[in-house]
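Here is the structure we will look at.
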Amino acid sequence: MLLVVFAMVLILPALESGGLLSGEVLYGDCMDLLADAGDLKCGLDGIGTFSDYDPSLCTLKCQGPGSPKLPRGVCEPGVGVECTLGAREGLRNWLDGLTKQRNEVLKRWCPFLPQK
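So the sequence shown is residues -17 to -1, 1 to 99, counted in mature numbering (1 follows the signal peptide of the UniProt record, and there is no 0).
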């Protein structure tokens, strides 16, 4: 019984304010993930830093020449990134893969770099 009351005290205010139902939180989360992954992808491809993405082509805009494609399932050409659970998971997986790739490059090129 106490657990139910505790849960209601925590969850009810969030539901009343729309905090758990707000798409803005999810959208912001996806754009943060896209920016982080975009920085890594543009950097690993040697084409500068991420500046934006093109929703019509589902490609990244980097400061240098080149437009890497977003992973499948993250973006719909002409629509852009719709921050669904699937798209957010795809962006997280992409970011994780790029982070591993960066770490491998650092291990290879900077052998004396402290390991985390």
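Built from N, CA and C at the ideal position, the CB exists for glycine as well.
Tell me the rounded alpha-carbon separation between residue i and residue j.
{"i": "Ser5", "j": "Gly73", "result": "For Ser5, the predicted model reports a pLDDT of 43, less than 50, meaning its position is unreliable and no value from the coordinates is stated."}
{"i": "Ala18", "j": "Lys83", "result": "17 Å"}
{"i": "Lys24", "j": "Met14", "result": "15 Å"}
{"i": "residue 127", "j": "Cys58", "result": "Not covered by the structure: residue 127. The range shown for the chain is -17 to 99."}
If you drop the 5 nearest sequence neighbours on each side, which residues of the same chain put their C-beta closer than 6 Å to that of residue i?
{"i": "Thr42", "result": "Ser50, Lys52"}
{"i": "Ala63", "result": "In the sequence under discussion, the amino acid at residue 63 is Gly, which differs from the Ala named in the question. Pro38, listed in sequence order."}
{"i": "Gly61", "result": "Ser39"}
On the DSSP bridge assignment, give the partners of residue i in chain order.
{"i": "Gly63", "result": "Glu59"}
{"i": "Phe33", "result": "Cys45"}
{"i": "Lys52", "result": "Thr42"}
Kindly list the residues whose CB is nearer than 7 Å to the CB of residue i, restricted to its own chain and excluding five residues on each side of it in sequence; keep chain order.
{"i": "Ile30", "result": "Cys45, Gly47, Pro48, Gly49"}
{"i": "Asp22", "result": "Thr32, Phe33"}
{"i": "Asp35", "result": "Lys44"}
If you run the structure through DSSP and keep just helix, strand and coil, what is residue i?
{"i": "Thr42", "result": "strand"}
{"i": "Cys93", "result": "coil"}
{"i": "Asp79", "result": "helix"}
{"i": "Asp15", "result": "helix"}
{"i": "Asp22", "result": "helix"}
Identify, in the order they occur along the chain, each residue of the same chain with its Cβ nearer than 8 Å to the Cβ of residue i, setting aside the five sequence neighbours on each side.
{"i": "Leu96", "result": "Leu89, Lys90"}
{"i": "Gly56", "result": "Gly69, Ala70, Gly73"}
{"i": "Asp12", "result": "Cys66, Arg71"}
If we call anything under 8 Å between Cβ atoms a contact, is residue i one with residue j?
{"i": "Leu68", "j": "Ala20", "result": "no"}
{"i": "Leu16", "j": "Leu78", "result": "yes"}
{"i": "Leu27", "j": "Arg85", "result": "yes"}
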